[in-house]
Amino acid sequence: MRDQVIASLDADVDADAGASTYPVGGEGQSGMLCSLTKRVMIISPLPERVKSLLITLSAECFDVFSLHDFDPGMLQSLKPELLVYDAIPVARLGDGDPLRDGAALIESADRSGVPVLVLTDQRSYDDRGGASLGGAELLAWPASPDEALSRINRMLMNRPAAGSSSMPEEAITFKDIRVDKKKMTVERGGQRIDLTKTEYDLLLFFLTSDGSVRTRESMLDTVWGLHFYGGSNVVDVHIKSLRKKLKDSAVAPKYIVTVRGVGYRLAD
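In terms of UniProt numbering, the sequence shown opens at residue 1 and continues consecutively.
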C-alpha cells in the first residue's frame, strides 16, 4: 500500500516522541496543547465525506490517519487504538455490500483488540435496527461530529486494557509448530529451531494472518517497516531461508504456500 496517501490531520504531532502540539483548527492562542494523544485510523474511499470527523478528532487531540482502503499490515504498523470504517455505498463502485465487504476488516481488528466504529447510510442502519455488526458498532452518517466523538470516547473507555485478558496468548501453534511469544522461541515437532529476528517476525506474521494471502508489499510494511525501500525480492530470500529451517518445501508446502503473482499464505 505504498501508493496510498496516509494523511495525518494533525500536522504538528510527533507521534514517536509524544510531543505536545497544537491540533488542527483554531488560532494559536485559542488552540489546545495536546500532551497525550490517541491514534484513530479512518478507512474511507471518499475522505471528503468524513472531513468533519477528521477535523473534530484532530482538534480533540487525536492522531488521525486517513486511508482509502484497508490492509491488515497497516493495522500492525500504525497500531491505532480505534478504527473508523466508512461503509456508506459508493454508486460508481457497483452493487457490492460495504458491510459485508468489511467483515474481514472487522475480524482483523477484533483479533488485534482494536474497536471499530462503522459509518453507514441511514437505510442500512435502519435495516439492522442500529444493531452492532460483529464486534463493531454502527453509526448512521452523516451525523454530528460531536456525536461521533462521544461514541468514540466511550468505545475507547470500554476497550480492555492491554494485557488484561485472563488467558493471554503467550503461545501460538500451527500443525507441529509452536511459537512461545513470551520467550520468542520456535519449536517444530518438539525440536528447537533457531531463527533470526526477521525470520521469527515473518513466521509470526503468517501465523496471525488467519490464512489470508499476504502480498510481498504487506510483508515489507509489517516486518521490515513502512520506511524500508528495498526490493520485494528480500521477502523471497527470507521466505526461502525460513522454509529451509522449517524443513518445508516450495513444491509440496506444509506450512507456507506460494501464491504466484501475489505473495504467500499459510498452507491448509
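No residue lacks a Cβ here, since even glycine has one placed at the ideal position from N, Cα and C.
Query	Result
Unbroken alpha helix (DSSP H) run spanning E170, endpoints	Counting along the chain, E170 falls outside any alpha helix (DSSP H), and DSSP gives it neither H nor E.
Coarse secondary structure for F65, derived from DSSP in three states	strand
M41 - DSSP class collapsed to helix/strand/coil	strand
Cα-Cα separation between P89 and V114, rounded to whole angstroms	24 angstroms
Given F206 as reference, the closest of Y264, W141, V251 and D194 once Cα atoms are compared	Y264
Y85 (DSSP reduced to helix, strand or coil)	strand
Proximity below 8 angstroms, CB of V192 to CB of T185	Here residue 192 is Arg; the residue named in the question, Val, does not match the sequence. Going by C-beta atoms, R192 is nearer than 8 angstroms to T185.
Assigned exposure category for M157 - 16 Cβ within 10 Å defines buried	exposed
Check whether F65 and L46 have beta carbons under 8 angstroms apart	no
Sub-8 angstroms separation of K38 and F62 beta-carbons	yes
Extent of the continuous alpha helix (DSSP H) to which T198 belongs	K197 to L207
Residues of its chain near D180, where Cβ-Cβ distance is below 6 angstroms and the 5 sequence neighbours each way are ignored	A171
Chain D contact for D146 (CB, 8 angstroms cutoff)	Among the protein chains of the structure shown there is no chain D, as only one such chain exists.
With 16 other Cβ atoms within 10 Å as the buried cut-off, status of T222	buried
Helix, strand or coil at R216 according to DSSP, with G and I counted as helix	helix
Through-space distance from Y200 to residue 297, alpha-carbon basis	Beyond the ends of the chain as shown, which are 1 and 268, falls residue 297; an answer cannot be given.
Delimiting residues of the beta strand (DSSP E) encompassing E107	No beta strand (DSSP E) contains E107, which is instead part of the alpha helix (DSSP H) from A103 to R111.
Counterpart residues of E137 in DSSP-defined beta bridges	L117
L266 - partner residues in DSSP beta bridges	I256
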